[in-house]
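Notes to accompany the following structure.
Chains as they are written, first to last, in the working numbering: chain A, 481 to 768; chain B, 162 to 491.
What follows is the structure, encoded as structure tokens:
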């Protein structure tokens, strides 16, 4: 019974973390038509910054989290200004430079903290909530709540503000949006910072739970791509729904059967979606 | 001299240099030369897919199919080298043909992700199924041995194996070069540049894209067989996403427009790779920087730098930089 409760809690947490990463990926694809392969590395950088600020600089976990968000958002802005902006007419070029950024960030993390060190981040919420005989670790509950709050804030931002209106307009039709006086450059920077910041936040939130390593972003980016393809490329709502479905499926299969089987099944699901339902759960119908 | 005769001359000089390599260098560099030759074969076969306008993540795993086929046939059934070579190529082509039915319904980014999903699923199956040796893979693959009319050659010797690899690779390169000059090469280019227009004049573009995918896989299978014998072992990790990324990086840095571009990129980066061995951990980052710099400043790859010397079809710079994956309508 404890295993079932643990698995349910873990699926909820995995859904929350995956959703935070996948939303950013979907947002950037929707607005800028860039497939950001370095997105998983932004998650990794978020975890490293959280570790560095909370242990080496001896600040609190929450200020570390804020630093992680700010730092990854800064990386996002630099990527947009220095790379994507210059390659706007060359979508494949954008995809390829993100692979370059992926390798650079990985190497930077190796150089910064080494490969084989065990990096520990202390959670501000140690212990577990006890409900009758079951234990629910506080930090996992905190990750879920924080992710929901962030997602609600993002929905508000996209649905209720001028900025969100501009972002959605640009996702629909970039040229028409720019004719309406929307600055493509400014919105792109903002979207990229938002997306990177969300990935950084996810990394910071997960830092006390997962093993921090320079290569921790790789499974995350693969999951995120599966999820945004399932949800429909560029659709934020689709990404959230698909995150929940996929993470729950993956957590259950890897707990009760085997993680390799879960990975193979996940890849097959992605392939099936690409073949039979290329627009995903929520994407617009498009010819591929 | 006409550009073509210059490039033929360059090719002959390169081959001569490769033939002389074992005479001047030790075993270590000869083995490294074998690796370069295999990589060149991988890159130039990868370029066939790129010619049709797609980027694939499955090519390295198709190489793995060839490697596993050869390893199993030689270890369990004792097949001779030429038979495993043919079987490896055929098996890779078969797997590619099966994969091409779902995959070629997609284009651009969707094709890239679809090829990744299919390839990674195959790779994980190798790790999972005991028949393929699980995570440890298959090892102790005996080296090829030739005994013909009193002459016996042991290809377990580094130099001999290098010459064997070189011969196979040069034959494959000539075959690919010939294919590209033939009508089919022209059709591939037409599909890459104007897919719809090519269809409108009666070119069944999906059939030709499938053909490109399968032919490229057959050559990748040969490269896989050569790799299996060269290392004496096959593991699933040798065919992971990282190697697929490196293949992509190497061909982009060299440039994919001309035949020598990818070869150039491969040789330059392999040598570079070797010379960075002292800083193993920093290598990926240096690659990343090179990739970014090439994309920003030489979007057509290093071949553009050599174009005035070697010549080739680079006179009119085209609007598209890297073959477009048409993700603008995705």
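Every residue gets a Cβ at the ideal spot worked out from N, C-alpha and C, and that includes glycine.
Which term fits residue i, buried or exposed, when burial requires 16 or more other beta carbons within 10 angstroms of its beta carbon?
{"i": "residue 441 of chain B", "result": "exposed"}
{"i": "residue 699 of chain A", "result": "exposed"}
{"i": "residue 598 of chain A", "result": "exposed"}
{"i": "residue 748 of chain A", "result": "exposed"}
{"i": "residue 550 of chain A", "result": "exposed"}
{"i": "residue 542 of chain A", "result": "exposed"}
{"i": "residue 382 of chain B", "result": "buried"}
{"i": "residue 673 of chain A", "result": "buried"}
{"i": "residue 556 of chain A", "result": "buried"}
{"i": "residue 633 of chain A", "result": "exposed"}
{"i": "residue 268 of chain B", "result": "buried"}
{"i": "residue 292 of chain B", "result": "exposed"}
{"i": "residue 656 of chain A", "result": "exposed"}
Out of curiosity, what's the CA-to-CA distance linking residue i and residue j?
{"i": "residue 619 of chain A", "j": "residue 374 of chain B", "result": "49 Å"}
{"i": "residue 257 of chain B", "j": "residue 230 of chain B", "result": "14 Å"}
{"i": "residue 241 of chain B", "j": "residue 193 of chain B", "result": "24 Å"}
{"i": "residue 592 of chain A", "j": "residue 704 of chain A", "result": "26 Å"}
{"i": "residue 169 of chain B", "j": "residue 332 of chain B", "result": "15 Å"}
{"i": "residue 754 of chain A", "j": "residue 174 of chain B", "result": "47 Å"}
{"i": "residue 697 of chain A", "j": "residue 518 of chain A", "result": "8 Å"}
{"i": "residue 589 of chain A", "j": "residue 346 of chain B", "result": "44 Å"}
{"i": "residue 197 of chain B", "j": "residue 746 of chain A", "result": "35 Å"}
{"i": "residue 449 of chain B", "j": "residue 286 of chain B", "result": "30 Å"}
{"i": "residue 695 of chain A", "j": "residue 586 of chain A", "result": "7 Å"}
{"i": "residue 385 of chain B", "j": "residue 394 of chain B", "result": "11 Å"}
{"i": "residue 412 of chain B", "j": "residue 424 of chain B", "result": "8 Å"}
{"i": "residue 324 of chain B", "j": "residue 363 of chain B", "result": "44 Å"}
{"i": "residue 217 of chain B", "j": "residue 540 of chain A", "result": "45 Å"}
{"i": "residue 223 of chain B", "j": "residue 397 of chain B", "result": "12 Å"}
{"i": "residue 219 of chain B", "j": "residue 253 of chain B", "result": "11 Å"}
{"i": "residue 741 of chain A", "j": "residue 359 of chain B", "result": "42 Å"}
{"i": "residue 124 of chain B", "j": "residue 462 of chain B", "result": "Residue 124 of chain B falls outside the range modelled here, since chain B spans only 162 to 491, and no answer is possible."}
{"i": "residue 357 of chain B", "j": "residue 713 of chain A", "result": "24 Å"}
Where does residue i fall in DSSP's three states?
{"i": "residue 313 of chain B", "result": "strand"}
{"i": "residue 215 of chain B", "result": "coil"}
{"i": "residue 566 of chain A", "result": "helix"}
{"i": "residue 282 of chain B", "result": "helix"}
{"i": "residue 308 of chain B", "result": "strand"}
{"i": "residue 265 of chain B", "result": "coil"}
{"i": "residue 395 of chain B", "result": "strand"}
{"i": "residue 350 of chain B", "result": "helix"}
{"i": "residue 802 of chain A", "result": "Missing from the structure shown is residue 802 of chain A; chain A here goes from 481 to 768 and no further."}
{"i": "residue 630 of chain A", "result": "helix"}
{"i": "residue 299 of chain B", "result": "strand"}
{"i": "residue 409 of chain B", "result": "helix"}
{"i": "residue 675 of chain A", "result": "helix"}
{"i": "residue 222 of chain B", "result": "helix"}
{"i": "residue 598 of chain A", "result": "coil"}
{"i": "residue 524 of chain A", "result": "helix"}
{"i": "residue 515 of chain A", "result": "coil"}
Give me the chain A residues within the contact set of residue i, using Cβ-Cβ distance strictly less than 9 Å, ordered along the chain.
{"i": "residue 460 of chain B", "result": "567, 570, 573"}
{"i": "residue 445 of chain B", "result": "582, 583, 584, 586, 587, 590"}
{"i": "residue 267 of chain B", "result": "754, 755, 758, 768"}
Chain B partners of residue i, CB-CB under 8 Å?
{"i": "residue 522 of chain A", "result": "Those within 8 Å of residue 522 of chain A in chain B number zero; the least Cβ separation is about 14 Å."}
{"i": "residue 748 of chain A", "result": "278, 282"}
{"i": "residue 579 of chain A", "result": "406, 409, 410, 449, 452"}
For residue i, which residues in chain B fall below 7 Å Cβ to Cβ?
{"i": "residue 740 of chain A", "result": "285, 288, 289"}
{"i": "residue 705 of chain A", "result": "274"}
What I want to know is whether the C-beta of residue i ends up closer than 6 Å to one or more non-hydrogen atoms of the ligand ZN.
{"i": "residue 332 of chain B", "result": "Annotation note on the ligand ZN: not contained in the displayed structure, which lists no ligands."}
So residue i contacts chain A; which residues on that side make the cut at Cβ distance below 7 Å?
{"i": "residue 270 of chain B", "result": "515"}
{"i": "residue 448 of chain B", "result": "583"}
Starting from residue i and walking both ways along the beta strand (DSSP E), at which residues does that stretch end?
{"i": "residue 617 of chain A", "result": "614-617"}
What does residue i reach in chain B if we use C-beta pairs closer than 9 Å?
{"i": "residue 595 of chain A", "result": "442"}
{"i": "residue 563 of chain A", "result": "453, 456, 457"}
What are the start and end residues of the alpha helix (DSSP H) that includes residue i?
{"i": "residue 443 of chain B", "result": "From DSSP, residue 443 of chain B is part of no alpha helix (DSSP H); its letter is neither H nor E."}
{"i": "residue 584 of chain A", "result": "571-593"}
{"i": "residue 691 of chain A", "result": "Note, residue 691 of chain A: premise wrong, no alpha helix (DSSP H); not H, not E."}
{"i": "residue 336 of chain B", "result": "319-342"}
{"i": "residue 424 of chain B", "result": "420-436"}
{"i": "residue 757 of chain A", "result": "Unbroken run through residue 757 of chain A: none, as it is neither H nor E."}
{"i": "residue 645 of chain A", "result": "642-652"}
{"i": "residue 360 of chain B", "result": "356-361"}
{"i": "residue 732 of chain A", "result": "716-736"}
Strictly below 8 Å CB to CB, what residues from chain A border residue i?
{"i": "residue 209 of chain B", "result": "Result: empty, since nearest Cβ-Cβ is about 18 Å, beyond 8 Å."}
{"i": "residue 413 of chain B", "result": "576"}
What does residue i reach in chain E if we use C-beta pairs closer than 8 Å?
{"i": "residue 751 of chain A", "result": "Checking the listed chains, one finds no chain E in this structure; the protein chains it contains are A and B."}
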